[in-house]
Amino acid sequence: MPDFSAPMTSGHTFTLSGRPARSTVLFFYPKDNTPGCTTENMAFRDLHDQFKAAGAEVYGVSRDSLRSHEGFKAKLGLPFELISDPDEAVCQAFGVMKMKKMYGKEVRGVERSTFVIDADGRLVKEWRGVKVPGHVDEVLEFVARRG
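So, in structure tokens, the structure goes:
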């Protein structure tokens with residue numbers, strides 16, 4: 001994976017290189033405070049301790065502003081950081097920007113996707129076009145198996 005840096009909540013900057021975790025989980029979602037995205041973030045929140053026990057760090061990524069992310073994170077009590085990508089640089093690097101149908105219209109947006117990157121910066125698993133129910137459990141099972 002190409003290295004990148006991007007601003008994230010809590011005043012920190014995410015940089016892919018040198019992540020200390022055995023696995024870094026990046027999940028891309030369309031928008032803060034929408035039903036599916038809220039459900040997905042809460043699922044990662046609820047299993048966060050198990051991800052940590054498996055040696056994985058979890059980060060959510062969307063095009064929302066840091067201000068939006070900070071409010072969303074506080075509202076849901078998220079224990080992980082959210083990465084802000086308003087210029088779509090990270091979304092473009094991972095190829096998650098797609099044309100989607102919304103209320104019968106074509107709109108350009110983030111395709112819900114999850115990526116697992118190992119400590120050496122290699123992509124080891126990806127899920128694209130994710131459906132929220134059961135997805136976070138599947139990601140946890142994968143990172144736990146990798147040990």
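For the sequence shown, full-length UniProt numbering begins at 1 and goes up steadily by one. Glycine is no exception: its CB is placed at the ideal position from the N, C-alpha and C atoms.
DSSP places Val130 outside both helix and strand once states are collapsed to three, so it counts as coil.
Relative to the Cα of Cys91, the nearest Cα in the group Leu66, Lys73, Glu111 and Glu81 belongs to Glu111. The three-state reading of DSSP puts Ala119 in coil, since its state is none of H, G, I, E or B. Remark: C-beta atoms of Ala21 and Glu57 approach each other more closely than 8 Å. By the neighbour-count criterion, in which a residue is buried when 16 or more other Cβ atoms sit within 10 angstroms of its Cβ, Ser5 is exposed.
Going by DSSP, Arg145 is part of no beta strand (DSSP E) but of the alpha helix (DSSP H) stretching over His135 to Arg146. Nearest Cα to Asp46 within the set Gly95, His135 and Gly18: His135.
For Val96, the secondary structure class from DSSP, reduced to helix, strand or coil, is coil. According to the DSSP assignment, Phe72 belongs to no beta strand (DSSP E) but to the alpha helix (DSSP H) extending over Leu66 to Leu76.
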